Every structure is written in structure tokens, then in C-alpha cells.
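Chains as they are written, first to last, in this note's numbering: chain A, 4 to 379; chain B, 18 to 443.
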């Protein structure tokens, strides 16, 4: 029996897998995408869909800049249902420490030549009338956007399909052995390369990959156009989100193009159940309400949870998996996979073609962790 | 702090199943509460019976409720779980936590609405919905009404509307006469009471054409309903009307059972001999375990009420009666099974989800309810898929397997443990 041949198998039809498939197909690779579930139905569906710059490390800043630029270049091509809206980001400063962080951000952005501005109390109140009085200011990043990720993933896969990519949903990859992927329906695909883009699923299939699921809670409201105008994040987010294992919540509130308000978010390690935890949801709503007191009156129509694929240093794992030649990782994006999917895809193509990369490869290599076996 | 109420047995739903469950549970002397979003007892079928009694059996049960020792919590909508043994409910004054040892779920059913061109025109309504609106004061006298869809409910609605002065022009039943005949014969043979009821209904509807093998193809009108086009599969014709009341059978309200983690099989909550669901201490009764009407609901409710309060002997005495009512339900469901043609009435641009304006053509491209929801927002609006989910279950065979809280939209204040907004405190 002949085994069908494909140059690259992309495992995972989430936003990262979709972006990798599109970029590989455009680079003339013959690609097959494999996912047991519908397109974009994992962390891609659960996330908020914020396309933003993150400057908490040089590597993250470089990756998010590259990715955001790619997203913004795509704006004219993206179909309407992707709900791609240039709303900008406001990082909210509630105290002097956070205002200091605003100033540090301003320096970093200026040094990188990226558009941003500092808003004082009055300017912030004018920009977002529903914020509570007394906030000290905000860091405004005008070119950040929000998007509806499941449709963006579908569009990328359609783009890849126009370049000959095959999509196989409803089957999962059971085993990747060198040049072959064995599927749950008993079939096999012969491949040159495999790209693992399964988020938290990667750790299950490849023991030793340092990914921990980090649960998040979100709730979305009915339609209240104009209630918030920008993607709002408290600067306390930075202090809480990294370097701690304890449960935390922070205020993250987005306007959707539909007029709905998306409210988050929480971070929890070691929470296995995907059920909404009423206590955690109460904390999320309470924290957001501290910034937007009028939120309490809005009607909430749906709450859900999702699992981010978190790595120890907050940077994704992009590049060869040293133990198995031909296997590449594109995972571990924690809360930023929607943004960095495009930069990740570019890096994967860099690795597979050996072309000169625009981004440094090293900061994202899986081999930077001792848990990942080094090259023999 | 959110106010709270503590019960040994909490019953969700004050229709026949819930009331029967509550009465039987209360016989044990335990503390029993019944919560319902309506301001009055009776559910959909016995709505208004307390004030305007029509139904003998309803009167007897409502009398029993009055003398039983139980707390009725009206106007309270259960919106979700609040941890194990706790439900979160919304009242006019804000959130309330309901604590329980045992829970009996009797949330009933709602009408299934199927999309056809023009179904979103003003004047096209659910059959039960129109009935409720008329009970609520909508003037109907002299208005021409066509009642279409399937099931015994169509007759009851038409008869009611007629008593309120409506001109019932036609009752269009999609089921075939050949399918209804065995049901009618079974009714005559085994259910003399129901036969009497059916004959009384028919008498109330004398002069109103009842057409079987007949279903709506299209509703027309300029800004509001003017006529409905019907078909019998061979020819089509139009009937002018002011209202078109449609109902294509009933679908169970599975939101709360699913949220509690109860197993659902073939579209209904799975229960054991004692009406217990797959979740220990959580029982299901009435339409959520299978569409079957009044007798089944009352019997299952009683069994659940006894079983949840350590009275298994009393519960077992009702098992034979339950079997009879389930057999009747099976005959009913076979007779009124929806015909395949109804899957093909919608046009490509007919809306399936009117909350999010999603057309039939956009929905049908997807392989599952989950994929359709994610890619088109079908079912993601404020009705949370109650209308389009029931439609797509029939149209495409997509079962509802999961639900997200809250099960009804509610102010964000109601999610807070200590509501910051004074308006949300009782």
C-alpha cells in the first residue's frame, strides 16, 4: 500500500497552525493540516483576540512588532467576519508605580521607533468616559487592534488551501516518527517535516516540553456600542502575570465590533477542569468593575474558560525539537498566540528553508530549556 | 453578601412535574423550595389556573400545593451554579444563592421553531408565544390567525385564541393523516379521558379546517405579515392572515441539566428508575427526560419527589403508571414526528439565527454546531441559541451537548460575591 506524501504536516488548526500552514504553503511547501476538532476551536476560540505589542522582554517586543506589522499589512485582505478593528490599546495607570511603568514604556517605544503616547488623567477620562475617576493616566498604543480569531484562523487556512494545502479535521495525530505521521483513523502520511502547533496539547504528546496549561476566565456582554472604545488593560497585569504561580486576576476589557464588551481575565495554573469557576468569575468581574463601575449594569450573556500554553520564560517555543529530526515546535504562546501567530509562522519558514531570518532565531528555540533534550 | 436560602430539596420549575415533585417531597417533612421564573405557579400548561381555573387536575394539584409545607420562590430565574450544592438565581432585586442537599430539575420544554422564508416578519410568532401574549393582553378579537406546525398544542392554542375572539382560519398539521390515525385509535382504546379532551377541543374548533400533511412554505407581507403560503407537497396555496402561530413540537430545556453535568442521551436528560440523573442527588422529571405531556410529568415528578426524600416505596408504586404514560408519549412522538421536507423549506438567505443575523446558507456549510457557532456566531446572541439551536438540531442533526453560563443573560453585578451595586442586593 502506498503512503501519501506531504512535505509538511501541521498539527493543530488553531491560529498558530493556520498561520504556519499559510506561510509554508505560500513558500511552496506541500502542507497537510491535522486537527481532531473544528478550525480554531481550542485556545483560539477562548482568547480575546488582541493584536498588541508586548515590551516585557526584547525578544517578545521584537516578535510582537514583527507580528503586528504583518497583521496590519493584512488588514485590507481580511474578510469582514474577522472583525478586525483598529481600536488601540490603553494601559491604565492607577498609582505612581504604574505611572513610572508608563514612562519606561514610553522610552522603550521611542527607542524602537514605535508610535505611542502618554495620556494624563484628563485625556484618559475623555478617551474612556466610563472609567472611574482618579486614574493617573495611560499609555496609548494607537496601532494595536482586536480581531475575532476563529474566523481569522479559517481565512488563513483557506489561503493555504488556495496554495494546495489539505485540511483534515476529525482525525488526530497519534504518533510522529521521523518521516511519518500516524493518524487516529489508522492512516499514515509520509512527511519531511512536522510542525507541532497544538498549544497545551504539545506537552501531552511530547513529554519534556516545558508547557503548563494556564486557565483563564472571560465573560462577554450583550451589545453596548461605545461603552469602551479601546482595548483596556491595567498595568498591574505586568506585575501579576509573570513570575508567580498563584492565581491572579486583572482588568482586561475589550470593545468588540458587534458592540459587545469582552471582560477578562484570570490566570490559574493547575486548574484541570474547564468548567467556569463562579468564585474566579466573580473575581474577574469585581476587578474589571474597579476600573469600570458601570459594568455591573451590563447584561452578561456568556462566560467561558480556556487554557493558555505557558512556558517558564513567557516566550514561545519556535524551532526544532532536538530529539527528533524533522519535528518543529510552534507552541507555548501563552496569552499572545493570536498576535504572534504570524511572527511564529515566519520563523518556522526561516527554519525550514534556511533563508536569512528577519528576527533572531535563538530566543525562541526549544533547546533553550534544559528539560528539552539537547542535540546529540 | 448575596442573600441565600437553604433547602433540603430544591425543585426548579413550577409546572406539573415540579409541583408534583415538591408536594411529594414535602410529605417527608423536609424543607422544600420550588423556584420558577414566572410570577405564578403552573408552568406553561397551567399558567393562570390559580386565578382562572379551567382544568380539574390543575385545581387539585394547586390545592395540594397550598396545603403542603413548601416555599414557593416565584419570579426567580436560575442563572447558573454557584459551586457544589448551590445555584445562583436572579430576582427583581438582584442575585440570590439557593443552597440544597437534593435538586429536582423540572425545567420543562419550549416550542421548536423552524425557519422558512418570511418567518421573521412581524405577525409570525410561536404558537405558545402568541397564546401567552394574548393572555398578557394582546387584542386578538376579529384577527385572522393561521396555526401551523405540529402536535396537539396547535389545537389547544387555536381553541384558546378562538375563545378570545380570534378568527382561526386554518390549523395546518405537518404530520400525515396516516400517521395520526393509529395515534387516535390508541387514544380511544387506552385513554378515554384524553379522547374526551380531544373531542371537546374538536367541538371548540368546529368550523375551523384542520389539515394534515400541510405545512408553511413562506410568509409574505410588506413590513408585516399579510399571508402565508402553505403546501401539502403537491400543490401550494396562500391564506391571508394577521397572525401566523407556529410550533414544531417541543424541545426540552436542557441548559441547567447540562450545566450541572447531567448526562444527556438522544436529546433528553438520562435518568434511572428513581428519576435520578447521572449526577448523584440531582433528579430530572417531566419534559426534560422526554416529551410526554401532563401524565408523564406528574408521575415522574411524584417519583422524583419521593425518591429524593427517602420514600422509595411510595416511588415504586408509581412505576407502572410511568410506564403507561411513557408508552403514550412514544405513540404521540411517533405520530407527530417531523417530516423530512421541513428540512428544506428555508431558502439560502432565510435567517436561522435572528440574534446574529445568520442565514441558512452560512450555517449549513459547517460540519457541527460548534464549528457553525465559532465561524458564523449562530447561537451566540442574547437568546443563547434557544431558537436556532433547536432548529439546527432538527435541520442538520446537531445535538446540544454543552452550555455556557449564565443560562440566561443577567447583569454582571449578579456575578459578584459581594455586589458593589446596591441595586443588586435584596
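Just so you know, even glycine gets a beta-carbon here, dropped at the ideal spot from N, CA and C. Quick caveat: nothing in here was measured; it's all calculated off a predicted structure.
Taking Cβ-Cβ distances shorter than 8 Å, what residues in chain B pair up with residue 48 (chain A)?
391
Could you confirm whether any beta carbon from chain B is found closer than 9 Å to the beta carbon of residue 201 (chain A)?
no
Verify the CB distance criterion: does residue 143 (chain B) have a CB-CB separation below 9 Å to chain A?
no
For residue 241 (chain B), which of helix, strand or coil comes out of DSSP?
In this structure, DSSP gives residue 241 (chain B) a state outside helix and strand, which the three-state scheme calls coil.
Assign residue 131 (chain A) to one of three DSSP states: helix, strand, or coil.
coil
Could you tell me the distance, in whole angstroms, from the CA atom of residue 322 (chain B) to the CA atom of residue 183 (chain A)?
58 Å
Could you work out which residues of chain A lie near residue 503 (chain B), taking near to mean beta carbons separated by less than 7 Å?
In this structure chain B extends from 18 to 443, so residue 503 (chain B) is not present and cannot be described.
Residue 97 (chain B) versus B:120, B:89, B:106 and B:91, residue with shortest Cα-Cα distance
B:106
Buried or exposed for residue 86 (chain B), please, with buried defined as at least 16 other CB atoms from any protein chain shown within 10 angstroms of its CB.
Result: exposed.
Provide the residue(s) that pair with residue 144 (chain A) in DSSP beta bridges, ordered along the chain.
Residue pairing from DSSP places residue 144 (chain A) in a beta bridge opposite A:92.
Exposed or buried, which one is residue 34 (chain B) when buried takes at least 16 other CB atoms within 10 Å?
buried
Span separating the alpha-carbon of residue 211 (chain B) from that of residue 424 (chain B)
35 Å
Taking only beta-carbon atoms, is residue 398 (chain B) less than 9 Å away from chain A?
yes
Proximity test, Cβ basis, 9 Å: residue 70 (chain B) and chain A
no
Run the CB neighbour count on residue 286 (chain A), radius 10 Å, all protein chains shown included, and call it buried at 16 or more, exposed below.
buried
Distance cutoff 9 Å, beta carbons only. Does residue 40 (chain A) sit that close to anything in chain B?
yes
Span of the beta strand (DSSP E) around residue 70 (chain B):
Looking at the DSSP string, residue 70 (chain B) is not in any beta strand (DSSP E), and its letter there is neither H nor E.
Is the region 321 to 332 of chain A in contact with the region 44 to 57 of chain A, if contact means three or more CB pairs nearer than 8 Å?
no
Check whether the Cβ of residue 222 (chain A) lies closer than 9 Å to any Cβ atom in chain B.
yes
Just checking: is the beta-carbon of residue 153 (chain A) within a distance shorter than 9 Å of some beta-carbon in chain B?
yes
So, with DSSP's three-state summary, where would you put residue 245 (chain A)?
With a pLDDT of 49 at residue 245 (chain A), under the threshold of 50, the predicted position of this residue should be treated as unreliable, though the coordinate-derived value follows. Coil, per DSSP.
How should residue 195 (chain B) be labelled, buried or exposed, when 16 other C-beta atoms within 10 angstroms of its C-beta is the threshold for buried?
exposed
May I have the straight-line CA-CA distance separating residue 3 (chain A) from residue 76 (chain A), to the nearest angstrom?
For chain A, the structure presents residues 4 to 379; residue 3 (chain A) sits outside this window and is missing.
Same chain, Cβ closer than 6 Å to residue 185 (chain A), neighbours up to 5 away in sequence not counted
The answer, listed in chain order, is 177, 178 and 191.
Excluding the 5 residues flanking residue 30 (chain A) on each side, which residues of the same chain have their C-beta closer than 7 Å to its C-beta?
352 and 356
Assuming contact is defined by CB atoms lying nearer than 9 Å, are residue 130 (chain B) and residue 265 (chain B) in contact in what I supplied?
The answer is yes: Cβ separation under 9 Å.
Strictly under 9 Å for the Cβ-Cβ distance: is residue 84 (chain A) near chain B by that measure?
Residue 84 (chain A) counts as touching chain B.
Other residues of its chain near residue 149 (chain B): CB distance less than 6 Å, five sequence neighbours each side excluded:
Around residue 149 (chain B): no qualifying Cβ.
Should residue 306 (chain B) go down as buried or exposed, given a rule of 16 or more other Cβ atoms within 10 Å for buried?
buried
Spatial neighbours of residue 336 (chain B) in its chain, beta-carbon cut-off 8 Å, leaving aside the 5 residues before and after
290 and 320
State the DSSP-derived secondary structure class of residue 25 (chain B), mapped to helix, strand or coil.
strand
Within 10 angstroms of its Cβ, does residue 172 (chain B) collect 16 or more other Cβ (buried), or is it exposed?
buried
Report the option in A:359, A:17, A:70 and A:364 whose CA atom is closest to the CA atom of residue 199 (chain A).
A:17
Following the continuous alpha helix (DSSP H) through residue 279 (chain A), name the residue where it begins and the one where it ends.
The continuous stretches of alpha helix (DSSP H) do not include residue 279 (chain A), and DSSP gives it neither H nor E.
In three-state DSSP terms, what is residue 30 (chain B)?
Assigned with DSSP and collapsed to three states, residue 30 (chain B) falls in coil, not helix or strand.
With a threshold of 9 Å between beta carbons, is residue 266 (chain A) in contact with chain B?
yes
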